[in-house]
Each structure stands twice: as structure tokens, then as C-alpha cells.
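Peer 1: The following block contains the structure, expressed as C-alpha cells.
Protein chains: 2
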Amino acid sequence: MTEPTGAQRDMEAVSKFVESFAAQLVEAGMQRMPARVFAALLSSDEGAMTSTELGEQLRISPAAVSGAVRYLAQQHMVSREREPGSRRERYRVHSNQWYEALTSREAVLKRWEGALREGVASLGEGTPAGRRMAETLAFFEFVDGEIAAMMERWRAHRERIFGTSEA
Amino acid sequence: MTEPTGAQRDMEAVSKFVESFAAQLVEAGMQRMPARVFAALLSSDEGAMTSTELGEQLRISPAAVSGAVRYLAQQHMVSREREPGSRRERYRVHSNQWYEALTSREAVLKRWEGALREGVASLGEGTPAGRRMAETLAFFEFVDGEIAAMMERWRAHRERIFGTSEA
DNA sequence: CCTTAACTTCACAAATTTCTGAAAGTAGCG
DNA sequence: CGCTACTTTCAGAAATTTGTGAAGTTAAGG
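Protein chains in written order, with UniProt numbering: chain A, 1 to 167; chain B, 1 to 167.
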């Protein structure tokens, strides 16, 4: 309940959240720097920061920022913006899109399915192992389909709670 | 279509699948040894192997098997069985349970929710960042609920396709 | 009881990953 | 057209992770 001194946004609290959320992401398998950068963006009021700002808050080199951002952009968790007329870039987390990216994991699922399909083919549909893999494969295909529907329901749910869509 | 020479199960093909599936798991964030051990179990006809068998097929030390199995057991992806009267243990992948474990990820979700809740509290519900986090939190809570229902539908679907449940 | 078979733990060597500083691009702006 | 402000790339130092051999523990079987 200690209202921070106005514009300062209680750096202390922000930093504490950033590090603890990043730690969770790391435990879930994300690399450390991307996790920290992402958490910082998430906790910024703008939802966007420049490379310099990130470097200062996290005490990391420009090189580290660059690497982390490249990774996050590839994963569709942040996007790059060029403020027109400046060379400076801002990295932004789109409130909705990032967890949608997280959920779909399209690429990952598809590759697993591919590997399983090969497994079924090469071990033989008739073998016990083949059958086990076929079932697993069916599961992933099922999940694929379900997730799309689930996200649709989420968007409806979200609109109901938070009002009309952003953007 | 090269029917393997009877009982030999085409070691070649098995090994090829094991390594390629393990590679996918690694890319998805799993450690190498657990991934390889898991893939080996998945492709065994029994769905279960002893420590020695695993060591031989994968060419790794008993210590490595031990470590990998401990990890997999913690994640509820395999279970240990004691064949009565022998000190030998077998590690088994339960066809259904492992991917259910994968999907639920209960613990992970809960911890993320916890971290986000703290974030909302410490940054303030009124702030833009606070609102962003509240929405993200709502998303995870929504997913939590959906997943249970989805798994229910899966079991029905599965039964329809593969016949009555095992076990 | 003693022996032996099986799994586990531990300390260390090796491999891999991660982050940095320095150098090199690249594009705005005068 | 050159200067300056940003970003990216790269090579290497540092830290972390991973897998092994060897010793330790436990229980089955004689």
C-alpha cells in the first residue's frame, strides 16, 4: 500500500516482480536473458521499452539485449517498432498475442506429430509400440483441434470481462 | 516395408526413431538424457525396460539412467515397478498418463499465476502494467479450467477410436 | 551371515551455453 | 557527404550443465 513517489513507479517493486517472474519462465525452460527482457516489458507501463532502457534496468550489455530480443521476436512474443524518424527501436509485448503464441506452439506440436508418424511407420502399425505411438499421435492431433476452439472461447470470455478488444 | 527378422525388432529402426524423437523433446526444453530414456521406453514393445536394457540400448552409464529416471518419475512421465522377488526395477511409460501429465502442467501454471498475482498487487491494479498482468492472469485461469474439460472430451474420443480403456 | 546383484550418490572432467567488450554495420541529420 | 547515434555481429572468458567412474547402500539368495 506504499504508493510510490509518483512517476517513479517504485523501481524496487518492479524489479522484484521482473526477477521473480523471469525465474518462473526460466524454470519452464526459457533462457535467462529472454525471460528477463520479457518480464521487464510485461511490467512496463507502456508495454514497450527501448534497448537502452532494457539494458539499464536489467544491467546487461546491448549485445545481450539484442540477442534476447531476436529470440523473443522469433517466438512471436514481442514485436519491433521503429519510432519514425529515429534509429531507435522499441520492443513491444502485445498484451494478447504473446500468450496466444505460447499456447499454440503450432510448430512444436507439428514436429512431434511428424516424429511420431515416422515412428509408427517404421516400427509397424501392428506392433504394440506402434499402437502406443499411434494413440499418442491421435492425442496430439486432437489437442491441435481443441486449442483453436479454446482460444475462440477465450476471446469471447475476455471481451465480456475486459470490454472491447484493443488495437 | 522391410519386415525385420522376426523377434529382433529392427534395432536399426528403433534406434533411429528414439534419437529423432528425443531430439524433438530436447528442442522443446527437455534435458537430453531424460528425453532419450523416455523415447526408448515409448518405442519398446513392453512399454517398459530395465535399467540395464536402457543403458545398453542408449550406451550410457547406470548413473545416467538413474538420473534420467528420477527426473521422469518426478514429472509423472514414467513409473517404477518392482518385479517381485528381484531387486531389478522396470521403468514403465503408461500410454495415457504421460501426455496427460504433459498437458496439465498444473504446477507450472499455478506458479505463473502466483507470480502474476504478486505482480498485479505490487504494481497496482490501476496501472497499465497492472491491468496487462491482470488480463494475462485471467487467461491462465481460463486455460486451467478449459484443460480439464478438454481432457474429458479426449478420453471419450479415445474410447470411441481405440476401444475401452486400458489398465 | 556372507556374497552378490542392483540401484544411487558424489566429485570431477568435459562439453556446452551464456554474456561481454570490441569492432563493424547502418541509417538519420546536419 | 560525413558525423553521430543505435544496433548487430563476433570471438573469447566465465559460468553452468551434463555424464562418467568409483565408492556406497541395500536387499536377495545361498
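No residue lacks a Cβ here, since even glycine has one placed at the ideal position from N, Cα and C.
Ignoring anything shorter than 3 residues or poking outside the stretch 19-87 of chain A, list the beta strand (DSSP E) runs there in chain order.
Peer 2: Within the stretch 19-87 of chain A, the complete beta strand (DSSP E) runs of at least 3 residues are 48-50, 79-82.
Peer 1: How is ARG9/A classed by DSSP in three states: helix, strand or coil?
Peer 2: As a first step, residue 9/A must be located in the first sequence, where it is residue number 9. The answer is coil: DSSP assigns ARG9/A none of H, G, I, E or B.
Peer 1: In the structure shown, what three-state DSSP assignment does ILE161/B receive?
Peer 2: Position 161 of the second sequence, counted from the start, is the residue given in the question as residue 161/B. Residue state, collapsed to three classes: helix.
Peer 1: To the nearest angstrom, report how far apart LYS16/B and ALA35/B are at their CA atoms.
Peer 2: Position 16 of the second sequence, counted from the start, is the residue given in the question as residue 16/B. Position 35 of the second sequence, counted from the start, is the residue given in the question as residue 35/B. Cα to Cα, LYS16/B sits roughly 14 Å from ALA35/B.
Peer 1: Using the Cα positions of ASN96/B and LEU42/B, report the straight-line distance between them to the nearest angstrom.
Peer 2: To locate residue 96/B, count along the second sequence from 1; it is residue 96. To locate residue 42/B, count along the second sequence from 1; it is residue 42. Each residue's alpha carbon lies about 11 Å from the other.
Peer 1: Can you tell me whether LYS90/A is buried or exposed? The criterion is at least 16 other CB atoms within 10 Å of its CB, across all chains shown.
Peer 2: For this step, residue 90/A is matched to residue 90 along the first sequence. Note on residue identity: the sequence assigns Arg, not Lys, to residue 90/A. ARG90/A is buried by the Cβ-count criterion.
Peer 1: Check the C-beta distance from MET150/A over to MET150/B and give it rounded, since I have them as a contact under 8 Å.
Peer 2: Mapped onto the first sequence, residue 150/A falls at position 150. Mapped onto the second sequence, residue 150/B falls at position 150. Sure, about 7 Å apart at Cβ, within 8 Å.
Peer 1: Hey, quick one: how far does the alpha helix (DSSP H) through GLU113/B stretch, first residue to last?
Peer 2: Position 113 of the second sequence, counted from the first residue, corresponds to residue 113/B. Residues 106-123.
Peer 1: According to DSSP, which residues form a beta bridge with TYR91/A?
Peer 2: Your numbering for residue 91/A matches position 91 in the first sequence. Beta-bridge pairing links TYR91/A to MET49/A, ARG80/A.
Peer 1: What number of angstroms, rounded off, separates the C-alpha of GLU118/A from the C-alpha of SER66/B?
Peer 2: Residue mapping note: residue 118/A aligns to position 118 of the first sequence, counting from 1. Residue mapping note: residue 66/B aligns to position 66 of the second sequence, counting from 1. Going by the C-alpha atoms only, they are around 29 Å apart.
Peer 1: In angstroms, rounded to a whole number, what distance separates the CA positions of ARG59/A and SER20/A?
Peer 2: Position 59 of the first sequence, counting from 1, holds the residue named residue 59/A. Position 20 of the first sequence, counting from 1, holds the residue named residue 20/A. Taking the straight line joining both Cα atoms gives about 16 Å.
Peer 1: Assign THR103/A to one of three DSSP states: helix, strand, or coil.
Peer 2: Start at 1 with the first residue of the first sequence, and residue 103/A comes out as number 103. Looking at THR103/A - three-state DSSP - the assignment turns out to be helix.
Peer 1: Could you tell me whether any Cβ in chain A is nearer than 8 Å to the Cβ of ALA129/B?
Peer 2: Position 129 of the second sequence, counted from the first residue, corresponds to residue 129/B. Interface residue, yes.
Peer 1: If contact means a Cβ-Cβ distance below 9 Å, which residues of the stretch 134-147 of chain A contact chain B?
Peer 2: Taking 9 Å as the Cβ-Cβ cut-off against chain B, the residues of the stretch 134-147 of chain A that qualify are ALA134, GLU135, THR136, ALA138, PHE139, PHE140, PHE142, VAL143, GLU146, ILE147.
Peer 1: So VAL93/A packs on GLY47/A, CB below 8 Å; how close in whole Å?
Peer 2: Within the first sequence, numbered from 1, the residue matching residue 93/A stands at position 93. Within the first sequence, numbered from 1, the residue matching residue 47/A stands at position 47. Sure, about 5 Å apart at Cβ, within 8 Å.
Peer 1: Between the stretch 68-83 of chain B and the stretch 26-40 of chain B, do three or more beta carbon pairs fall short of 8 Å?
Peer 2: Yes: at least three Cβ pairs fall under 8 Å.
Peer 1: Helix, strand or coil: which one does DSSP assign to GLY126/B?
Peer 2: Mapped onto the second sequence, residue 126/B falls at position 126. Looking at GLY126/B - three-state DSSP - the assignment turns out to be coil, as it is neither helix nor strand.
Peer 1: May I ask you to list, following chain order, the residues of the stretch 50-78 of chain A that have a beta carbon less than 8 Å from some beta carbon of chain B?
Peer 2: Listed by position, the residues of the stretch 50-78 of chain A near chain B (Cβ gap below 8 Å) amount to none.
Peer 1: Under 8 Å Cβ-Cβ, which residues of chain A neighbour MET150/B?
Peer 2: Numbered from its first residue, the second sequence carries residue 150/B at position 150. Within 8 Å Cβ-Cβ: VAL143, GLU146, MET150.
Peer 1: Between LEU123/A and LEU137/A, how many whole angstroms is the CB-CB distance? I'm expecting something under 8 Å.
Peer 2: Position 123 of the first sequence, counting from 1, holds the residue named residue 123/A. Position 137 of the first sequence, counting from 1, holds the residue named residue 137/A. In fact, because the Cβ distance is near 12 Å, the residues do not count as touching under 8 Å.
Peer 1: Please list the partners that VAL14/A has in chain B, where partner means a Cβ-to-Cβ separation under 7 Å.
Peer 2: The residue given as residue 14/A occupies position 14 in the first sequence. The contacting residues are LEU123.
Peer 1: In its own chain, which residues sit with a C-beta less than 8 Å from the C-beta of LEU109/B, not counting the 5 before and 5 after it?
Peer 2: Indexing the second sequence from 1 puts residue 109/B at position 109. Closer than 8 Å at Cβ, skipping near neighbours: PHE140, VAL143, ASP144.
Peer 1: Does the beta carbon of THR5/B come closer than 8 Å to any beta carbon on chain A?
Peer 2: The residue given as residue 5/B occupies position 5 in the second sequence. With a pLDDT of only 47 at THR5/B, under the threshold of 50, the placement of this residue in the model should not be trusted, and no figure is reported.
Peer 1: Which residues in the same chain have their Cβ closer than 8 Å to the Cβ of THR2/B, if we skip the five residues on either side of it in sequence?
Peer 2: Here residue 2/B is taken as the residue at index 2 of the second sequence, counted from 1. Below a pLDDT of 50, predicted positions are generally treated as unreliable, and THR2/B, at 46, falls in that range; no measurement from the model is reported.
Peer 1: Note down the Cα distance separating ALA121/A from ARG155/B, rounded to an integer number of angstroms.
Peer 2: Reading the first sequence from its first residue, position 121 is the one you call residue 121/A. Reading the second sequence from its first residue, position 155 is the one you call residue 155/B. So the alpha carbons of these two residues sit roughly 24 Å apart.
Peer 1: Would GLN24/B pass as an interface residue toward chain A - the criterion being a Cβ-Cβ separation below 8 Å?
Peer 2: Along the second sequence, read from residue 1 onward, the residue named residue 24/B stands at position 24. Yes, GLN24/B counts as interfacial toward chain A.
Peer 1: Tell me, please, whether the CB atom of GLU118/A is closer than 8 Å to any CB atom in chain B?
Peer 2: As a first step, residue 118/A must be located in the first sequence, where it is residue number 118. For GLU118/A, the answer is yes, since a Cβ of chain B falls inside 8 Å of its Cβ.
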